[in-house]
Every structure is written in structure tokens, then in C-alpha cells.
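In the UniProt record's numbering, the protein residues as written are 1 to 426.
Take a look at the structure:
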């Protein structure tokens, strides 16, 4: 693949924190030379888990190789150093999308009006176009869901993001066919395809299944599958069930989703076929009255990040969260524990490599970025065995060892943890 690099050293200022997730922290940033606004995804090299850094490096490598109007744009990467010699950050610079995500915006909810279905159809077309391009480059995204689909300020620009779990497809050298050997599943459980949960295969067809789940999510504002812990995973992996199609979705839309959610991956439509489906073939960008995405701080008038939002409490340890999965109630499989942050913190100077200056909010210098991450449900997750018809297994914490399995999880009274999973339980 042809790789693009931004070799020009950029002096930039770190602004407000946009959110925190399993990867680390996302912040707004400003280019000091021209005032351009962009987003920065960072991990603290002193405190991050190896899998967090690996995920960010993987995303940097893949985004460098991609160039599409339907994929968030790579703008560069660097390492910045704090005043303390022991504190530094690995950063990915990328295009800032002021509209948030399709999950955050909940653009299409319980009742669809004509204009809202038009928005849904357009967003779906953009997402399918993104996947078609990514697949043509030999890449599987592995984590297609609403939170990884970004929208511009006017809702007409829609781009696929978050390639931390993505992988390059392996092909058989002699035949050129894609390999279908036992895999280590990546992604978010409620969006995973059956074959992925079973540990059999993860490829382009698996992304198409996740696409179908994401369309349902865009309509209802909720994951396609109800959260029932391991019951959900077992249903997805081994039953003949499909998620309930939203009643407010048009018949054309339901037919499109059905083409994505076929249990036999060989029967699912490809992205090329889906783009010919009448649900998206005639879709056009909706005419919206609104501002464009800001290009400099003087243009930045969006109030999207000024809304008051309640943040989740993360007092429960990973041990307790996993324990919930052994009960009928389950745990929260819907999100990746994304925390939206509002407001600014006091700033102080920091020295970047090559002598450039970056300013960090005080909270960014003193706060552990990994304390509130999701250790179970997002990012690059591994399963030593898939969830088969006779047994259930726990997802590991950031690629650590799977530590528990049972043919009847309701009978299990405790959990056995390996030493390698200790960082997830602090």
C-alpha cells in the first residue's frame, strides 16, 4: 500500500478534551501557524497499557495508507513531551468532525419523517462507500458501529473512523483467496458477526454484518441486540435469530438490512452489491441549514461540546463488571465506556520533540488516562475459544488471557483470574 506521511513539524496547542475511551484521550487542537483546528488522539506513554499503544500505532499505520472522502483524514502523528522527562504522549492527528458521531447525534430515532429517512439513507450510503474503499485496500475495519462513524457539522459529511482494531486481510499466497483460519476476534461484542464470536473467521463479510447492526442503531439509538450479557453472545453466535428490525424503518430499508444480516456470511451482500440497492442507490446529501466544520478557532462556534451531559461512574472494578456477566442481568455491552468531557482546564507549557511547543491542560499532565477505560468490551479483544454451542468464555482484558469458561454459566459461582489480567482489575 502507498503510504502518506506528514514530515513537516507542526507546532500545535492542545485544547479541550473531547472524550476519553479505551484508547486514551481525544482532544481538540489548533495549529499555531495557521489556526487550523484538528483532533488529536493520545496515549500517555508512561501509564498506558501495551495494548492501548499497539491500538494507536495500528490506527496510525492504517490511516496513513488511506485516502477517501468517506474515511476520516490522517493529518500526521508525533510524540510530545511534558516538562517532566518521564511524561510523553503518542499522538495521532486527524480531521476534526464537528458533528460528533451518528450514535451521539441520534439523528434518526423512534419516528421517521421523510426527511429523516433521507438522512439515514445518505449516511448509510456514505458508510457503505467507506467500507467498499477500505475493503478494496485489503483492510477489515473490525469495529463498525455508530460511535465510529463521524459526521460533519451540517450532517452531510459522514466518515468512518477509529481503525485501532482494524487488520490487513491475509490471503493465501498460492490461490489468492482470503484466509479463513481460526482468528482472534476484534471489536465490540453486540456488533460482532456470528462467525467472529465463534472464533471462526473475521473478514469483509463480518464488517457487513456490523453495518446492518449499525443501521438499526442509527434508527433506534440503541444497539441492535439487547444487552443480556452472555445470553446475547450465545444468541448471536449459535441461534437462528436476527435482531428485531425497527417498525419505523421503511420496507426498502428493512430489505437492505436483511441483506447485511444473513447468518451465512457467504450469503451476505458485498459492499458493491449494497451500493446498487435502491435504499442507497438514489440517496443524495440532504440540504441542511447550518455551519460548515470550522477550519480555524475564529470559525469555531459549535455548541456541540457545550451541552451538559452526565458522565458515567467507573467505581466498579473490572472484576465486578465481569461478574455481572455471569448473572441473568448482564453488563453494559452497548458502549465502549466513552466519557464526554466538557470545559477547559488550566493550561501549562510542554516541550515537544524537535523543539516545538505544545500546551497541555493541567488535568492532562496529572491524570491517569487509563483509569476509566473499558477493560472488557472495546478495542482489540481476544478470545482463546469462540462461544460455541457447549461453552461460554469471557473476553479478556486488552488482549490478556481468557480466564473462565463454562458450559452453564448460571452455575458458576466465582471467576478465576490469571495474573496477566491484573492491570484490568485495578
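Using N, Cα and C, we set each Cβ at its ideal position, and we do this for glycine too. For clarity, every value in this text was computed on a predicted model and none was experimentally measured.
- Where residue 20 is concerned, the enclosing beta strand (DSSP E) starts and stops at 12-21.
- Comparing C-alpha distances from residue 98 to each of 39, 270 and 169 shows the shortest one belongs to 39.
- Under the DSSP definition of a beta bridge, residue 198 lacks any partner.
- Rounded to whole angstroms, the separation of the alpha carbons of residue 223 and residue 185 is 19 Å.
- Straight-line measurement puts the Cα of residue 127 at about 10 Å from the Cα of residue 275.
- In terms of CA proximity to residue 43, 81 leads the group 287, 81, 187 and 238.
- The DSSP assignment places complete beta strand (DSSP E) segments of no fewer than 3 residues inside the region 142-169 at 149-151 and 158-160, in order along the chain.
- CA-CA distance, residue 253 to residue 153, rounds to 25 Å.
- Its Cα nearest to that of residue 23, the residue 50 stands out among 14, 11, 50 and 30.
- From the listed residues 258, 251 and 229, the smallest Cα separation to residue 243 is found for 258.
- Residue 78 holds the alpha-carbon nearest to the alpha-carbon of residue 91 among 100, 78, 103 and 237.
- Per DSSP, residue 71 lies in no alpha helix (DSSP H) and is assigned neither H nor E.
- For the options 280, 11, 205 and 226, the alpha carbon positioned closest to that of residue 267 is the one of 205.
- Residue 215 and residue 145 have their C-alpha atoms spaced approximately 9 Å apart.
- Residue 63 and residue 74 have their C-alpha atoms some 6 Å from each other.
- The shortest CA-to-CA distance from residue 133 to any of 283, 282, 270 and 285 is the one to 270.
- With a cutoff of 9 Å on beta-carbon distance, residue 29 and residue 20 are scored as not near each other.
- Here residue 240 is exposed. Its C-beta has fewer than 16 other C-beta atoms within 10 Å.
- If you draw a 10 Å sphere on the C-beta of residue 265, you find 16 or more other C-beta atoms in it, and that means buried.
- If you draw a straight line from the Cα of residue 151 to the Cα of residue 56, it is about 21 Å long.
- Annotated three-state conformation of residue 9 is coil, per DSSP.
- Our two residues, residue 65 and residue 138, have alpha carbons roughly 11 Å apart in a direct line.
- Between the C-alpha atoms of residue 76 and residue 95 there is a straight-line separation of about 10 Å.
- Annotated three-state conformation of residue 139 is strand, per DSSP.
- Residue environment: residue 86 is assigned as exposed (fewer than 16 neighbouring CB atoms within 10 Å of its CB, all protein chains considered).
- For residue 18, the closest C-alpha among the options 41, 198, 67 and 148 is that of 41.
- Residue 159 is classed as buried because its beta carbon has at least 16 other beta carbons within 10 Å across all chains shown.
- Separation of the CB atoms of residue 280 and residue 124 is rounded to 5 Å, and the pair is thereby assigned contact status at 8 Å.
- Around residue 278, the same chain offers 252 as residues with beta carbons nearer than 8 Å, after the five sequence neighbours per side are excluded.
- Closest option to residue 164, judged by alpha-carbon separation, among 36, 187 and 226: 187.
- Residue 88 has 81 as its beta-bridge partners, per DSSP.
- About 4 Å separates the beta carbons of residue 121 and residue 283, which is inside the 8 Å limit, making them a contact pair.
- In the DSSP secondary-structure assignment, residue 43 is bridged to 90.
- Residue 233 and residue 190 have their alpha carbons spaced roughly 7 Å apart.
- Non-local C-beta neighbours of residue 211 in its own chain, meaning closer than 6 Å and more than five positions away in sequence, comprise 144 and 260, ordered along the chain.
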